[in-house]
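Protein chains in written order, with this note's numbering: chain A, 17 to 277; chain B, 17 to 277; chain C, 17 to 277; chain D, 17 to 277.
Note that beta-carbon positions come from the ideal geometry of N, C-alpha and C, so glycine has one too.
Just so we're clear, the structure is a prediction, and the values are computed from it rather than from any experiment.
First the structure, in the form of structure tokens, and then the observations on it.
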């Protein structure tokens with residue numbers, strides 16, 4: 017079965033910053049899509065901030081199995097109603113892979129419920145990514161560790177909730193560590209945060225990074241039908257109980273009435 | 017050390033609904049505060065929706081160790097800026113205990129990052145609460161199970177993230193089950209959701225419910241200093257690294273510059 | 017890719033108890049294997065306590081992707097060295113699905129590190145299994161709840177570690193609840209505990225039970241290579257460090273020497 | 017309330033190795049006990065491998081609230097029946113703090129259910145311990161990170177189950193990382209693993225290490241009564257159900273009979 021991945025890119029620095037533009041002439045989203053395209057079971061599309069509705073219309077979201085999110089310079093420009101729609105699709109079972117500076121995106125902060133802050137330093141230092149959960153599907157086929165020679169440092173404490181599982185931890189040359197691969201579930205949606213990917217470095221040309229992203233798309237994919245019932249809070253009328261009960265005591269609500277939200 | 021608990025009540029049905037008003041003449045918040053007051057190590061105050069700033073000013077929040085939240089009829093009336101402030105204090109270490117219909121409160125949904133929906137039925141049926149995590153601090157001194165003869169049913173699936181620990185699971189007469197006691201951490205803040213507490217029943221006069229709430233206040237209390245650094249995302253300049261590194265590669269930011277948010 | 021499942025059955029009550037023998041003439045393992053066989057991607061084999069080495073030789077285990085375990089009457093009869101071998105294969109990535117009274121099997125207790133005790137009652141009462149984690153791969157295609165009309169009751173507290181995720185919770189007619197579907201990882205191995213399956217009832221003829229087991233086999237299957245490095249605790253000699261360090265201070269061990277275990 | 021801590025030391029290298037003997041003339045256990053003694057709410061005792069029953073008699077264990085465990089050279093010498101007793105007390109609520117090379121102790125492996133392996137290098141390199149969970153009770157009063165100038169390296173992957181919470185992660189000079197502070201619960205017992213503590217270095221003279229250990233003793237302490245019921249698996253007879261049920265279907269067991277184990 018083909019997994020339909022959508023790579024969302026902010027697409028600002030590619031346009032405004034010479035280094036980034038030269039490094040990623042087809043956009044970071046374009047290069048990330050290329051990495052995914054190496055997997056014959058993944059079909060890829062891209063969308064950018066500047067598209068109408070940021071390229072995230074109901075139709076597009078309904079046909080997306082896994083969304084990858086890269087943003088940095090202007091998280092605030094993402095419309096709140098679109099963020100809400102994306103969150104709803106995650107709850108229904110769309111996978112979400114949040115990349116690097118996407119830790120401060122509206123969608124990630126909304127789904128985590130925490131500030132998602134961290135330390136950082138842009139000095140082109142060496143990052144060594146350790147697999148702490150070998151044979152986790154996201155680490156499939158990886159060596160025990162791999163290095164990215166030039167990267168921005170992200171340092172702990174990373175203010176996110178305790179994950180379901182920690183997959184990667186990074187070592188930085190300057191003395192910091194960071195939980196670089198974390199898994200979550202929100203509703204029916206699988207979420208993976210993956211740290212590397214600063215725009216001034218060729219991170220998305222790294223073979224190991226491509227492998228992680230492809231693995232993550234497979235892991236995040238929920239092949240079951242959309243779980244739309246998650247948006248409801250149904251009243252179960254007394255007449256329809258699974259076991260016989262008699263109605264007792266004072267009531268606020270009439271039978272079958274909708275609850276307060 | 018005295019733990020400063022603040023019981024927040026929506027205080028609507030106590031005023032508008034005859035049954036609730038007669039059951040809780042001093043407000044549900046008043047009765048919950050009484051339950052906490054049985055513990056000499058807890059000092060209690062109350063605040064209600066109708067107070068200026070809902071009674072949740074910076075001064076009050078700064079002096080609150082653990083906040084208890086009961087709301088139902090008008091979650092939407094809680095101001096967004098106040099919700100934001102409460103969330104900030106939770107991240108800094110204020111404990112939060114969310115009660116019953118507070119599952120749909122803005123603050124709980126924000127901290128969970130999920131819809132927090134569930135099934136429900138108001139039929140005065142029997143709820144039996146099982147301790148599935150004996151000797152968890154919140155279950156301290158409880159029997160293996162206790163019953164609330166008249167309660168509203170809440171049924172699974174409860175769309176919240178996987179908790180740190182499940183403490184209680186409820187059995188309902190009509191055939192449903194519910195995870196009735198769940199723990200979370202968000203930043204430095206401990207969060208406990210506790211299911212029972214429908215306003216038309218005398219749940220907050222139940223001795224076992226009082227015991228759970230007092231235990232939960234102790235558990236949620238973080239005696240360490242407020243963790244205000246959680247609101248920062250500091251740049252670590254190259255000149256101040258813990259290990260010597262040389263700066264390399266292209267940069268977006270000048271040294272010590274603030275990052276994008 | 018075909019997943020190679022092995023159903024292990026204790027095969028005692030089928031031989032000694034008339035009711036069980038008539039209900040499961042081909043053994044419980046035989047009937048469970050049939051349920052798995054409805055899935056074209058699963059190939060099944062069976063093994064029983066009475067086989068040489070309980071049917072769990074090195075060759076068999078090396079060719080098993082997912083092992084299902086049903087035992088009850090004589091857990092003690094399972095040889096400790098075989099239990100050790102099974103555990104090693106789980107650490108290397110073999111999936112393990114533990115069924116019903118297998119909660120007290122040596123292999124489950126070893127992998128959990130806890131007593132794995134519970135309450136029980138054999139009264140043919142109704143069990144209603146609620147999906148608390150909709151769209152979890154193990155709940156794929158299931159309704160919100162399903163019932164088993166005649167089952168043994170298992171009641172909380174179930175003394176197992178907090179799971180990665182809780183998938184099912186059971187309601188029992190007699191007033192108890194139980195966490196009926198729990199997931200764990202130990203090393204590279206995925207573990208699922210599934211509650212129903214008392215031998216005097218036709219539980220393994222229930223279509224929903226079959227669906228859960230087939231889903232669980234897919235979920236537990238780790239398609240990556242066996243993670244045999246988990247059995248090592250390698251010394252990393254100073255001359256082979258990833259970053260240059262100078263050796264300093266007093267030492268217990270010569271370079272490259274094996275550590276104490 | 018005074019917390020009764022017991023520091024268990026293997027006490028081998030202190031006797032056989034000149035460096036260790038000179039560094040810890042009163043034994044490592046003696047020095048660790050001193051660190052705990054700085055807290056007026058902790059009373060400390062010590063026990064060693066060479067004591068009768070390793071100093072872990074029923075009487076001693078019954079009066080121990082939190083046990084700290086340091087061993088390295090001869091884990092195999094610890095008697096299996098004593099390990100079993102210690103595990104039982106953990107299940108009942110005794111806290112357990114496992115130190116450094118104790119990762120390979122029988123008691124830790126038994127409670128984790130995994131190999132507990134890791135990489136290592138004895139080169140006196142710098143370890144920097146980062147607090148990834150600020151304001152966790154075990155990190156109370158700590159700075160964002162602290163250093164131990166001379167330590168043995170432990171590297172990931174560390175084959176333990178996913179913890180309840182990760183408190184510390186270490187950075188090593190030679191390029192590795194390690195989850196240095198992990199929390200677990202097994203039955204009613206709180207368990208903390210803390211990485212540093214190689215015997216040829218003065219780690220247990222580090223003020224920050226002392227602070228962590230004292231915090232951990234407070235965190236691990238379960239002030240509730242011993243949960244001895246965890247060792248039972250009680251039958252609940254039909255006549256004693258919480259809700260009325262009729263007995264149905266075929267049975268293996270007579271009413272109130274003990275189950276198979």
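Check                                                                                                                                                        : Outcome
When the Cα atoms are used, what is the spatial distance from residue 35 (chain A) to residue 267 (chain B)?                                                 : 9 Å
Name, please, each residue of chain B whose Cβ falls closer than 7 Å to the Cβ of residue 185 (chain C).                                                     : 172, 185 and 193
Against residue 144 (chain A), what residues of chain D qualify as contacts under a CB-to-CB distance less than 9 Å, listed in chain order?                  : 191, 192 and 193
Return yes when the Cβ of residue 57 (chain D) is within less than 7 Å of the Cβ of residue 43 (chain D), no when it is not.                                 : no
Taking the alpha-carbon positions, what's the residue 96 (chain B) to residue 188 (chain B) distance?                                                        : 35 Å
Give the residues of chain D in contact with residue 204 (chain B), contact being defined as C-beta atoms less than 9 Å apart.                               : 149, 150, 151 and 152
Along the segment 47-61 of chain C, what residues have a CB closer than 9 Å to any CB found in chain D?                                                      : none
Helix, strand or coil: how does DSSP classify residue 202 (chain A) here?                                                                                    : strand
I want to verify the contact list: residues of chain B whose CB lies under 7 Å from the CB of residue 130 (chain C), in sequence order.                      : Neighbours of residue 130 (chain C) on chain B: none; closest Cβ ~12 Å, over 7 Å.
Is the beta carbon of residue 190 (chain B) closer than 7 Å to that of residue 259 (chain A)?                                                                : yes
Give the DSSP-derived three-state secondary structure of residue 249 (chain C) in the structure shown.                                                       : coil
Could you pull the start and end residues of the beta strand (DSSP E) that residue 162 (chain A) belongs to?                                                 : 161-171
Rounded to the nearest angstrom, how far is the Cβ of residue 214 (chain A) from that of residue 178 (chain A), given a contact under 8 Å?                   : About 26 Å; that fails the 8 Å criterion.
Flag this pair as yes or no: are the beta carbons of residue 78 (chain A) and residue 52 (chain A) separated by less than 7 Å?                               : no
Look up residue 86 (chain B) in the DSSP assignment and give the residues it is bridged to.                                                                  : B:25
Alpha carbon to alpha carbon, how far is residue 156 (chain D) from residue 49 (chain D)?                                                                    : 20 Å
Report yes if the CB atom of residue 140 (chain B) is closer than 7 Å to the CB atom of residue 264 (chain A), and no otherwise.                             : yes
Which runs of the beta strand (DSSP E) spanning at least 3 residues fall entirely within the segment 183-246 of chain A, listed in chain order?              : 193-202 and 205-210
Counting only Cβ pairs nearer than 8 Å, list the residues of chain D close to residue 86 (chain C).                                                          : None at all; the shortest Cβ gap to chain D is about 13 Å.
Let me check understanding here. Comparing Cα to Cα, which of C:116, C:276 and C:137 lies closest to residue 254 (chain D)?                                  : C:137
Please look up how many angstroms separate the CB atoms of residue 65 (chain C) and residue 23 (chain C), rounded, as I've assumed it's under 8 Å.           : Not quite, the Cβ-Cβ distance comes to about 13 Å (not below 8 Å), so this is no contact.
Pick from D:221, D:68 and D:19: whose alpha carbon is nearest that of residue 59 (chain D)?                                                                  : D:19
Applying the 10 Å Cβ sphere with the 16-neighbour rule, what's the burial state of residue 247 (chain A)?                                                    : exposed
Is the Cβ-Cβ distance between residue 283 (chain A) and residue 149 (chain A) less than 7 Å?                                                                 : Residue 283 (chain A) lies beyond the range of chain A shown here (17 to 277); nothing can be said about it.
Using a beta-carbon distance below 7 Å, is residue 181 (chain A) in contact with chain D?                                                                    : yes
Counting only C-beta atoms, is residue 156 (chain A) closer than 7 Å to chain C at any point?                                                                : yes
Quick one: which chain C residues come within Cβ less than 9 Å of residue 178 (chain B)?                                                                     : 149, 179, 180, 181 and 182
Which residues does DSSP pair with residue 50 (chain C) in a beta bridge?                                                                                    : Bridge partners of residue 50 (chain C): none, in fact.
Indicate the three-state DSSP secondary structure (helix, strand or coil) for residue 105 (chain D) in the structure shown.                                  : helix
According to a CB-to-CB cut-off of less than 8 Å, which residues of the segment 236-258 of chain C neighbour chain D?                                        : 246, 247, 248, 249, 250, 251, 252, 253, 254, 257 and 258
DSSP puts residue 135 (chain A) in a beta bridge; with which residues?                                                                                       : A:171
Starting from the Cα of residue 277 (chain C), find the closest Cα among D:67, D:256, D:40 and D:90 and give me that residue.                                : D:90
Beta-carbon within less than 8 Å of residue 63 (chain C)'s beta-carbon, same chain only, minus the 5 sequence neighbours each way: which residues are those? : 22, 23, 24, 25, 45, 70, 71, 72 and 76
When Cβ atoms are compared, which residues of the segment 103-116 of chain A fall closer than 9 Å to chain C?                                                : 108 and 109
Any beta carbon from chain A within less than 7 Å of residue 140 (chain B)'s own beta carbon?                                                                : yes
Determine the direct distance from the alpha carbon of residue 147 (chain D) to that of residue 160 (chain D), and round the result to whole angstroms.      : 6 Å
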